[in-house]
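In our numbering, the protein residues as written are 6 to 138. Glycine included, every Cβ here is placed at the ideal spot set by N, Cα and C.
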Amino acid sequence: MTTVLKIDLDYKAPEKWLQTWEATRKHMLEVFGYSVIRMVRHNTTKGQNYFIEITEELSPETMNMLQFLMGDDATRVKINSWRIQRGYQDWNKIFDRKLWRKGTKTIECFYCGNIIPLIGVGKNSEGKEMPQL
C-alpha cells in the first residue's frame, strides 16, 4: 500500500526554486528511508499544492510530521494534528475552500491564541459528535 503526502505552499516561488525544492524533498524522504513513486504539483492562486506518493504506509502522526518537515503550511499542520487527536479518518485535507466567512463560529486555541473556524459538526471514530475544524 502507498501513502500520499500533501504539502500546501503559500508562496509563488520562481520555477528554479520549485525545482530545487522538489529535489530536496525527494532527497529528504530518501534519507528517512522512503521511496518516492511520484510527485505532482498543482499551482494555486496563493502558491502550490504538492501530492507526493511514497511506497510505504504510514501512521497519520508520521504523515503529519513528514508534511511539517517538508514545509507544509503551519496552520494546516496544527489543524491536522487536532483532527488526528480527535480520531477523524479524513484528517489530511488540502484547503479546497475558504474556511472562514463572516459569521462563522470560531474557537480560540488554548495554547497559542489563534482563532480557529468551526466548519460543522461531525463524528469521531467512536461515533461521538465533535466540532469539525
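Going by the CB atoms, is the gap between residue j and residue i shorter than 8 Å?
i	j	result
E66	I99	no
V9	F73	no
Cα separation between residue i and residue j?
i	j	result
A28	K51	22 Å
K31	N85	22 Å
L63	V41	13 Å
M33	W26	10 Å
P19	I59	26 Å
D15	M75	13 Å
F21	N48	Going by the sequence as given, residue 21 is Lys instead of Phe. Roughly 15 Å separates the two Cα atoms.
W105	M6	Any reading at W105 is ruled out, since the residue's pLDDT is 48, under 50, leaving its predicted position unreliable.
E91	Y116	The sequence shown places Arg at residue 91, not Glu. C-alpha separation (whole angstroms): 17 Å.
T111	R43	37 Å
Considering only C-alpha positions, which residue in the set the options is nearest to residue i?
i	options	result
V36	D78, A79, L71, N48	L71
K83	M6, D13, T7, V9	D13
Q24	R46, Y93, T111	R46
W96	M6, T7, K11	K11
K17	R81, M44, Y39, N54	N54
E61	Y39, G92, T111, I112	Y39
I121	T80, G92, Q94	T80
Secondary structure, beta strand (DSSP E): runs of 3+ residues fully inside the region 37-74: 41-48, 53-59
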